[in-house]
Amino acid sequence: MTMLHVEQRQESMMNKTWLQVLTMLVISCLVLVGCTSESKGPIEPKENQETTTLKVIYQDSELFYKQYGDSFTTLNDHIQFEVISDADIYKDMGDKTKEEVYAEFIREEQPDILILDAHQFKKQINDGVLTELDSLSARDNYNLDGFVPSLVDQFRELGGGQLYGLTPSFSSKAIFYNKDLFKKNGIELPSDGMSWYDIIELARRFPTEGDKQTRVYGYSGGDVYEAPMDLVTLIDKMSRAEGLSIVNTDKMQVTLDTDAWKKVIQTAIEAGQSGAIFNSMDELFTLGTKEEFYDSQPFLMGRSAMHIGSVTSLALMDHFKNDVNDDVPFELGIAAGPVDPLDPTSTYVTPGDIFAINKASVHQDAAWEFIKYVCGEDYARASSESNELLLGQQLLLSRSGFMKDYEGISLEPFYRLKSKFPRRSDDWYKLPDPFFNDFAAVLSRELELVKKGQKSLDDAVATVKSEAQTLLDQSVKK
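Under our numbering, the residue at position 138 of the sequence shown is numbered 856, and the numbers go up by one with no gaps.
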């Protein structure tokens, strides 16, 4: 479908088979276990106690109370919430951009607390909407030292040196690997700080002989389940890790004709042709028994050396292990990465819900009390003891030391590298959705010509850039 949503594109190819149902069921179960009791909703304050009602913007009222509101109001029954959903605000946009729609929504609703993603957070800072939190933190001696240090640094960077928001969670990836396969083939184990180039080079050292039942792969992909990873998907993952953008959104110019982009594309093509990557669409599982589905998952079944996964991958592996009443057939290792080769000590992470205070709010102190709680140690401790909501959303706690392991497997590799926020998240807001679909189709077509030797890489990139620029110009004008 799109370069931004390649996982969704892969899932759409699965039609409506039980595989989709199984995959979503596992994720849903992780979420629902943390939500088995109904939301308490607003709690009546004590008699004669003054009540403050905070207006909050969130996707869903019930989810807000389950994830944040219930535990807070139990301790602070004098503070209530009015939750306004922003789930449907982009459905009828007309000629407006997503940024314009969201800004108008905030002006109309005037919430006390904003719960934002990274791009929204940056935009609200630039628009002067948010309250600076450093003075409140200093006033209350609020402990910021317990956060993943680089995470707070990223928030300060977005705020021009000042702190305007905090998050209780973040999403990160790591390099999962099969220790047994590496030892069997005499190949050194993956290490922290590997780039995609390092991963692919290591993957290509594994043998490619044998049929699909017996052969091994150097690498297999997919965040939720392992579907064959086509070339566009691999290029997307590699370019994201290097912080490469498809479009310079300030100038609205396609930016593919750079040495960095060409290196990514050339490396991906060579990796696909090597046979080291699980990429054959002939092996895409669409229908069959549970056992046949498991057989289609190379890393899970011990036939793939490496896999980029999240903390949710561990939960899924545990689910499958219990489902077949057997141990995972290999010793698992996890290394920190992948990284940008120009910045090997950092990796891209996605912040979870970012909590901020509207500068126009008349309830600054009450809003700050709520943010202190959900981003504090007590909330982190409670979440670590019942972490299914986090796992279901591929999230880790942003306070160090509370989420140490999953079923005995250390989560420390997810915390080991410095955090930095993805650059490409701005594209979703600034570019029209049809552009991504059309871009992926043009790129896929030209890649096939390069693979067949019918076109040079430079010519293919030039064609993609030219056609994509035309598509972008047309879609922006609409």
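No residue lacks a Cβ here, since even glycine has one placed at the ideal position from N, Cα and C.
P1152 beta carbon less than 8 angstroms from that of R1194: The question names Arg, but residue 1194 in the sequence shown is Val. No, these two residues do not count as a Cβ contact at 8 angstroms.
Cut-off 8 angstroms between Cβ atoms - residues of its own chain near A1100, not counting five sequence neighbours on either side: S789
Close-in-space but distant-in-sequence residues of the same chain around L1190 (CB under 7 angstroms, 5 per side omitted): V965, M970, V972 and F1153
8 angstroms Cβ cutoff met for Y895 and A921: no
Pairwise C-alpha distance: S913 and S1118: 25 angstroms
Distance between D1013 and K816 (C-alpha atoms, nearest Å): 42 angstroms
Per-residue DSSP class, three states only, for D1061: strand
DSSP beta-bridge partners of D968: According to DSSP, D968 bridges with nothing at all.
Element boundaries [beta strand (DSSP E), containing A1054]: L1050 to A1054
Buried versus exposed call for K675 [16 or more other C-beta atoms within 10 Å across all chains shown]: Examination of residue 675 is not possible in this model, given that the chain is present from 719 through 1196 alone.
Simplified DSSP assignment, three categories, for K1170: coil
Residue interval of the beta strand (DSSP E) (run including E800): I797 to S803
For I833 and D1071, believed in contact at Cβ under 8 angstroms, the rounded distance: 5 angstroms
Rounded straight-line distance, which links the Cα of F1157 to that of E1166: 14 angstroms
Helix, strand or coil at N896 according to DSSP, with G and I counted as helix: strand
Exposed unless 16 or more other CB atoms sit within 10 angstroms - verdict on V801: buried
Cβ pair count under 8 angstroms reaching 3, the region 1114-1129 against the region 768-786: no
Backbone secondary structure at N997 - three-state DSSP: coil
Assigned exposure category for S1031 - 16 Cβ within 10 Å defines buried: buried
Pairwise C-alpha distance: S1064 and S887: 18 angstroms
Terminal residues of the alpha helix (DSSP H) in which S1037 lies: Reading off the sequence shown, one finds His at residue 1037, where the question assumed Ser. Segment V1029 to D1041, the alpha helix (DSSP H) holding H1037.
Option nearest V774 by Cα separation, candidates E780, T849 and P829: P829
Under the three-state DSSP convention, the category D948 falls into: coil
Contiguous beta strand (DSSP E) assignments of at least 3 residues, all confined to the region 1101-1152: 1136-1138
Chain-order list of residues whose beta-carbon lies under 8 angstroms from that of E1087 (same chain, five-residue window excluded): N794 and I797
Continuous alpha helix (DSSP H) stretch holding I918: start and end: W914 to A921
Beta carbon proximity, Y937 to chain C, threshold 8 angstroms: Included in the structure is just one protein chain, with no chain C present.
Strand pairing of M1019, partner residues [DSSP]: Per DSSP, none; premise fails for M1019.
Where P1069 falls: helix, strand or coil (DSSP): strand
Proximity of I987 and V1168 at Cβ, strictly below 8 angstroms: yes
Buried/exposed call for V1080, threshold 16 Cβ in 10 Å: exposed
Rounded separation between L854 and K1138 - CA only: 25 angstroms
Cβ-Cβ separation, M1019 to I893 (assumed contact under 8 angstroms), whole Å: No, I893 and M1019 are not in contact; Cβ-Cβ is about 19 angstroms, not under 8 angstroms.
Distance, L881 Cα to S779 Cα: 27 angstroms
Host beta strand (DSSP E) of K773 (start-end): T770 to Y776
Reference D1036; option with closest CA among P1069, Y1124, G993 and L1108: Y1124
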